[in-house]
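Working notes for the structure below.
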Amino acid sequence: MKHFLWLLTLWLSTVYAAQAQKITVLTYNIHHGANEQGRLNLIRVGQLIREHKPDLVALQELDSATTRSYGGYQMQQLANLTGMYPLFGKAIDLEAGAYGIGILSKYPILASQNIPLPNPDSTEQRVILCAYVELPNQKTIRFCNTHLDHQSRLNRGMQLAMVNQMLRVSIQPVIWAGDLNARPDEPGIQPIWNEWQDAGVRSKTPTLPHGNARIDYILTRRQSKFTLLKYEVLKEPDTSDHQPVLATYLLK
Numbered sequence: 023m024k025h026f027l028w029l030l031t032l033w034l035s036t037v038y039a040a041q042a043q044k045i046t047v048l049t050y051n052i053h054h055g056a057n058e059q060g061r062l063n064l065i066r067v068g069q070l071i072r073e074h075k076p077d078l079v080a081l082q083e084l085d086s087a088t089t090r091s092y093g094g095y096q097m098q099q100l101a102n103l104t105g106m107y108p109l110f111g112k113a114i115d116l117e118a119g120a121y122g123i124g125i126l127s128k129y130p131i132l133a134s135q136n137i138p139l140p141n142p143d144s145t146e147q148r149v150i151l152c153a154y155v156e157l158p159n160q161k162t163i164r165f166c167n168t169h170l171d172h173q174s175r176l177n178r179g180m181q182l183a184m185v186n187q188m189l190r191v192s193i194q195p196v197i198w199a200g201d202l203n204a205r206p207d208e209p210g211i212q213p214i215w216n217e218w219q220d221a222g223v224r225s226k227t228p229t230l231p232h233g234n235a236r237i238d239y240i241l242t243r244r245q246s247k248f249t250l251l252k253y254e255v256l257k258e259p260d261t262s263d264h265q266p267v268l269a270t271y272l273l274k
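One rule links them: number in our numbering = place in the sequence shown (from 1) + 22.
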């Protein structure tokens, strides 16, 4: 009987391990591929991604064929540097090109969405970019990226509310990452903590060093099938004005 129970436990553990999927996520505001001194360093961003081997990457402040980036398509350049699938989400027109956010995925992107977010104060338009990604175990997750308004608290609050409402009804497990331009204790962001788990909730490390603020996040729905294994703010002082954030999950 003991032998049977041991075999059963071993079999169940094997089945669970086969069904579970480890997922590492990186979010990074890359300041259009330039550091604070204006030196272009997109190659370093690609190196950083290769070093940490994330499965999914959310990138903010991306240029696409703009004059200041010498006409380069930064998402495609990063895809070439990392060997990952690229997805660009245009937010605004800029310098004969476009400016927005992007996603890199180690796994195929089956579908995507790029949706404008509320902008009642008529500041810079923001969007939410989502990728439906097929994992090796043939499960699909929804990975979303946002870069919210830094000027208007009204806009930011409405953008948070819209994203929360939109992702609340997702059929697929959701990871939401990006630069929310809000500290965790800001009144406008408080309502989402009832429904979202902040991977860095116990972290005191700022993601915006000069502002001494943590405004870059990786979030999962409470009661979701994601278990957080590790969270880290990476030290990368000379690449952007933000620090990259890395989190690893187990998806049951």
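For each residue, glycine too, the CB sits at the ideal point set by N, CA and C.
If you measure between the beta carbons of residue i and residue j, is that distance less than 8 Å?
{"i": "I163", "j": "Q194", "result": "yes"}
{"i": "G124", "j": "A113", "result": "no"}
{"i": "L81", "j": "Y107", "result": "no"}
{"i": "D222", "j": "V267", "result": "First, the amino acid is wrong: residue 222 is Gly here, not Asp. Yes. Within cutoff."}
{"i": "L202", "j": "T168", "result": "yes"}
{"i": "V67", "j": "T261", "result": "yes"}
Could you say which of the options lies nearest to residue i if we only look at CA atoms?
{"i": "L126", "options": "L78, Y95, K274, L251", "result": "L78"}
{"i": "G233", "options": "H172, L132, F165", "result": "H172"}
{"i": "V155", "options": "A235, Y129, Y92, L109", "result": "Y129"}
{"i": "L273", "options": "L251, S174, A56, K247", "result": "K247"}
{"i": "K252", "options": "T270, P231, I131, D85", "result": "T270"}
{"i": "E254", "options": "V67, A120, Q147, P76", "result": "P76"}
{"i": "T145", "options": "Q160, F165, S174", "result": "S174"}
{"i": "L151", "options": "L84, F165, Q160, D85", "result": "F165"}
Measure the C-alpha to C-alpha separation of residue i and residue j and round it to an integer number of angstroms.
{"i": "L64", "j": "E58", "result": "13 Å"}
{"i": "K257", "j": "G111", "result": "27 Å"}
{"i": "Q69", "j": "A199", "result": "21 Å"}
{"i": "Q265", "j": "I197", "result": "19 Å"}
{"i": "I237", "j": "A153", "result": "22 Å"}
{"i": "L176", "j": "D143", "result": "7 Å"}
{"i": "L139", "j": "Q181", "result": "6 Å"}
{"i": "R61", "j": "D115", "result": "23 Å"}
{"i": "M184", "j": "I52", "result": "25 Å"}
{"i": "P158", "j": "L241", "result": "22 Å"}
{"i": "T229", "j": "Q43", "result": "27 Å"}
{"i": "A235", "j": "I214", "result": "19 Å"}
{"i": "E208", "j": "R224", "result": "16 Å"}
Could you check where the beta strand (DSSP E) with residue i kicks off and where it finishes?
{"i": "L64", "result": "Segment 64 to 74 is the alpha helix (DSSP H) holding L64; no beta strand (DSSP E) there."}
{"i": "Q135", "result": "131 to 138"}
{"i": "G124", "result": "119 to 127"}
Buried or exposed for residue i, going by 16 or more other Cβ atoms inside 10 Å?
{"i": "A101", "result": "buried"}
{"i": "L170", "result": "buried"}
{"i": "G55", "result": "buried"}
{"i": "A204", "result": "buried"}
If you follow the alpha helix (DSSP H) that residue i is part of, which residue opens it and which one closes it?
{"i": "R90", "result": "Here R90 belongs to no alpha helix (DSSP H), and DSSP marks it neither H nor E."}
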